[in-house]
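Note that the protein sequences, when read in sequence, are chains A and B.
Per the working numbering, the first sequence starts with residue 472, numbered consecutively.
Per the working numbering, the second sequence starts with residue 20, numbered consecutively.
Beta carbons: idealized from backbone N, C-alpha and C, even for Gly.
All figures in this text were calculated on a predicted structure; none of them were measured in a lab.
Note sheet for the following structure.
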Amino acid sequence: MSDLPAKILYCRCAFARAVPEATKNAVLGRLCESGISFESVADLCEMSARKDPRLAEVLAGDEPIRIAACFPRAVKWLFHHAGTPLPDDGRVEVLNMRDTSADAIADALLAGTTSHSPSNSPTP
Amino acid sequence: MKNEIHPVQVILYEGGGSTPWEVDCRLSVTASLLDQGYSVLRVTEAAGNGAAMRTTRGIPVIVLGRFTGPMPEVVDGAGELRIATRDTASLGAEEILSLVTTVREDLGADLNRPGQTGAWKPWFPVIDYDRCTNCMQCLSFCLFDVYGVDEDKRIQVQNNDNCKTNCPACSRVCPEVAIMFPKYASGPINGELVKQEDLARESMKIDISSLLGGDIYSSLKNRSEKAKSRFSKERSPDKALDERKRCLTQLQQSGMIPAEVLAELDLSSLPSPEAIQRKAKELAALREAQV
Ligand code: SF4
Ligand code: SF4
């Protein structure tokens with residue numbers, strides 16, 4: 472597994488209530504409290520339907536990728552539908568906000584990152 | 020596809036030459052933008068990101084930051100991008116949101132806005148190819164040409180926007196439980212792992228080809244010329260209409276298609292008998308090619 476810092480992709484599921492509101496808000500809250508960069512999308516299903524080129528960019532590179540969305544089986548085939556299949560080399564971890572607690576999701580997203588603390592002050 | 024709107028990208032820049040936002044403001048702006056249909060990339064200098072200031076060909080970008088020096092340059096390699104950079108130093112969350120709306124409109128960028136009239140809810144079947152056996156039942160079932168085949172005659176979702184919002188009916192006809200609707204409430208249609216009892220379930224027995232007389236696919240599949248000619252002789256507009264009515268009633272009674280979806284399925288919205296017959300022939304040819 473790569474030592475590179477992980478890329479993070481958060482899905483808001485904005486067109487439906489597939490992901491519990493409280494979970495997705497709490498996960499986003501933890502990401503915003505951290506000092507890290509992250510990519511967030513309104514709705515991964517929409518990006519898949521539109522075959523949005525940004526999905527390929529998320530997958531580009533050698534970094535591990537952590538995706539907070541819904542069921543891994545759905546996410547896997549949504550990427551496939553977009554024409555950008557997820558690599559099956561273990562680089563991608565899909566975290567399911569439909570049935571996992573917000574804290575567990577956020578801990579997994581932020582694992583190994585150096586900046587967990589609130590970044591109200593300038594980042595170093 | 021009905022439209023090709025890609026979400027506008029907003030970059031919250033908190034890297035060099037800028038000061039970070041307060042957590043509350045960052046969270047409130049990010050959540051609101053996402054709820055309005057934007058994509059949001061937060062860029063900091065901290066490790067643990069992997070993200071960079073980048074843009075994607077053809078997708079409008081709005082860069083926001085509290086800049087302490089010159090605003091960062093966003094590379095527009097293709098020379099096609101619509102990019103706007105704005106300093107948000109003195110603005111609160113609400114003002115930032117209005118600024119984004121104004122800038123987006125200035126860029127001439129549309130947005131598929133969740134919850135707004137006319138917005139397209141991304142509802143469409145997603146095929147799990149680890150399960151799919153290419154039996155084509157979904158293709159023969161769907162009246163709206165959502166399914167098609169690729170150049171290798173492999174089933175694929177070709178016209179996702181044609182799918183009837185909130186209708187998961189084709190997932191019920193799939194014998195392999197290979198069709199997902201990720202926004203559906205329950206499993207395995209929502210993408211949950213398929214269990215043994217899911218495989219044993221009764222699949223939906225309504226063949227929409229009965230809209231045209233029930234045996235069109237089987238008669239074509241049997242390659243019985245006699246059956247084909249009898250079929251075409253027996254067909255009359257009245258009979259076809261009766262059959263469609265009967266099929267719609269059957270669908271209503273099945274309880275497998277939401278009532279509001281059925282309400283939209285009036286007879287006039289269905290493909291013409293000729294279109295269904297053409298599709299049946301194409302399907303028969305495909306099946307023959309598979310043998
Ligand atoms: S991928 Fe899952 S969480 Fe994201 S929009 Fe689709 S259904 Fe919702
Ligand atoms: S019905 Fe299911 S198994 Fe058959 S082609 Fe469609 S997705 Fe594949």
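Cβ-Cβ distances below 7 Å link B/I115 to V48, L83, T107 in the same chain, with the five nearest sequence neighbours on each side left out; the list follows chain order. Chain-ordered, the chain A residues with CB closer than 7 Å to the CB of B/Y57 read A513.
Contact annotation for B/D54 against chain A: R483, A485, A513 [CB-CB distance below 9 Å, chain order]. The way I'd put it, the stretch 511-526 of chain A does touch the stretch 538-556 of chain A; three or more beta-carbon pairs between them come closer than 8 Å. Contact note: B/F143 reaches chain A through C516, S519, A520, H552, using a C-beta cutoff of 9 Å and chain order. Taking non-hydrogen atoms of ligand 1 into account, the C-beta of A/V498 is found less than 7 Å away from none of them.
By the Cβ-count criterion, B/P194 is exposed, with fewer than 16 other Cβ atoms from all chains shown falling within 10 Å of its own Cβ.
Of the candidates A/A545, A/F486, A/L566, A/R537, the residue whose Cα lies closest to the Cα of A/L475 is A/R537. In this structure, DSSP gives B/R45 a helical state, which the three-state scheme calls helix. Around A/E564, the same chain offers R537 as residues with beta carbons nearer than 6 Å, after the five sequence neighbours per side are excluded. Residues of the stretch 485-500 of chain A with a C-beta less than 8 Å from any C-beta of chain B: A485, F486, A487, A489, N496, L499, G500, listed in chain order. Three or more Cβ pairs closer than 8 Å define a contact, and the stretch 165-180 of chain B meets that threshold against the stretch 143-152 of chain B. With a threshold of 8 Å between beta carbons, B/A50 makes contact with chain A. Bounds of the alpha helix (DSSP H) holding B/I115 are 112-126. B/G56 counts as buried, since no fewer than 16 other beta carbons sit within 10 angstroms of its beta carbon.
A straight line joining the alpha-carbon of B/L31 with that of B/E216 spans about 47 Å. By the CB criterion at 8 Å, A/L515 and A/F509 fall outside the cutoff. Under a criterion of Cβ atoms nearer than 8 Å, the residues of chain A adjacent to B/V62 are, in order, S508.
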